[in-house]
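Take the position in the sequence shown, starting the count at 1, then add 410; the result is the number in this note's numbering.
Note that beta-carbon positions come from the ideal geometry of N, C-alpha and C, so glycine has one too.
Computed from a predicted structure; not experimentally measured.
Shown next, in structure tokens, is the structure this report addresses.
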Amino acid sequence: MSRVSAGLLLYRVGERGLEVLLVHPGGPFFRHKDLGTWSIPKGQPHEGETLFDAAGREFEEETGFAPPGPRLALTPVRQKGGKVVHAWAVCGDWDPRELNSNTSEMEWPPRSGRTIVFPEVDRAGFFTQEQALVRINPAQAALVRELADLVARGLA
411 MSRVSAGLLL
421 YRVGERGLEV
431 LLVHPGGPFF
441 RHKDLGTWSI
451 PKGQPHEGET
461 LFDAAGREFE
471 EETGFAPPGP
481 RLALTPVRQK
491 GGKVVHAWAV
501 CGDWDPRELN
511 SNTSEMEWPP
521 RSGRTIVFPE
531 VDRAGFFTQE
541 QALVRINPAQ
551 AALVRELADL
561 VARGLA
């Protein structure tokens with residue numbers, strides 16, 4: 411398993427202030443889990459692929475949307491299992507109802523010999539900073555906080 415992943419934190423600023431896009435992982439392990447399981451769209455780079463390019467590719471694969479605009483590098487975070495997440499913030503808007511995620515497959519139930527196919531991401535949504543901080547993987551909360559600080563200082 412790769413110890414590095416790359417992703418994009420899509421954000422917009424509107425009537426509710428700063429809102430960030432988070433995605434919920436699909437599949438049987440996360441079906442009944444909510445708080446603390448959402449994430450930025452992210453994934454592992456392919457061999458020879460830059461983290462910057464991997465972030466954009468993974469975002470598009472997981473959402474079906476290619477965000478426009480410049481990207482602002484955020485400070486990488488280390489998740490509980492040791493994986494380092496490299497992220498870039500990008501300002502833009504998108505309708506999460508248009509979610510079109512790639513799929514994954516796995517044997518389920520374990521040792522059953524039966525393979526199921528499921529979307530890698532089953533839900534997406536824009537959340538205020540406060541809403542995002544209770545939904546997102548705790549290690550990735552630092553990305554939301556850093557972005558909020560940059561927006562508040564007029565740097566993003």
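Exposed unless 16 or more other CB atoms sit within 10 angstroms - verdict on residue i
i      : result
Gly564 : exposed
Phe469 : buried
Arg488 : exposed
Asn510 : exposed
Leu428 : buried
Gly492 : exposed
Nearest-angstrom Cβ-Cβ length linking residue i and residue j, presumed shorter than 8 Å
i      : j      : result
Leu482 : Ala566 : 5 Å
Glu556 : Asn512 : That belief does not hold up - the Cβ atoms of Glu556 and Asn512 are roughly 28 Å apart, past 8 Å.
Arg507 : Trp448 : 17 Å between Cβ atoms; not a contact.
Trp568 : Leu484 : Absent from the structure is residue 568, since the part of the chain shown begins at 411 and ends at 566.
Spatial distance of residue i from residue j (CA atoms)
i      : j      : result
Pro438 : Lys490 : 21 Å
Ala542 : Val554 : 8 Å
Val495 : Pro520 : 28 Å
Gly479 : Lys443 : 33 Å
Ala464 : Ala558 : 24 Å
Ser514 : Ala476 : 20 Å
Ala552 : Ser415 : 16 Å
Phe570 : Glu517 : This structure cannot speak to residue 570, because the chain is shown only from 411 to 566.
Arg533 : Gly458 : 30 Å
Residue i: first and last residue of the uninterrupted beta strand (DSSP E) it sits in
i      : result
Gly466 : First-last for Gly466: 461-473, but that is the alpha helix (DSSP H), not the beta strand (DSSP E).
Leu602 : Past the boundaries of the shown model lies residue 602; the chain is included only from 411 to 566, so the question cannot be answered.
### Query
Do three or more CB pairs link the region 447-457 to the region 421-433 at distances below 8 Å?
The region 447-457 makes contact with the region 421-433; the number of CB pairs closer than 8 Å reaches 3 or more.
### Message
I'd like to know if the region 416-431 and the region 522-529 are in contact, where contact means that at least 3 CB-CB pairs between them fall below 8 Å.
### Response
As far as the Cβ criterion goes, the region 416-431 does not touch the region 522-529, which means the pair count is below three.
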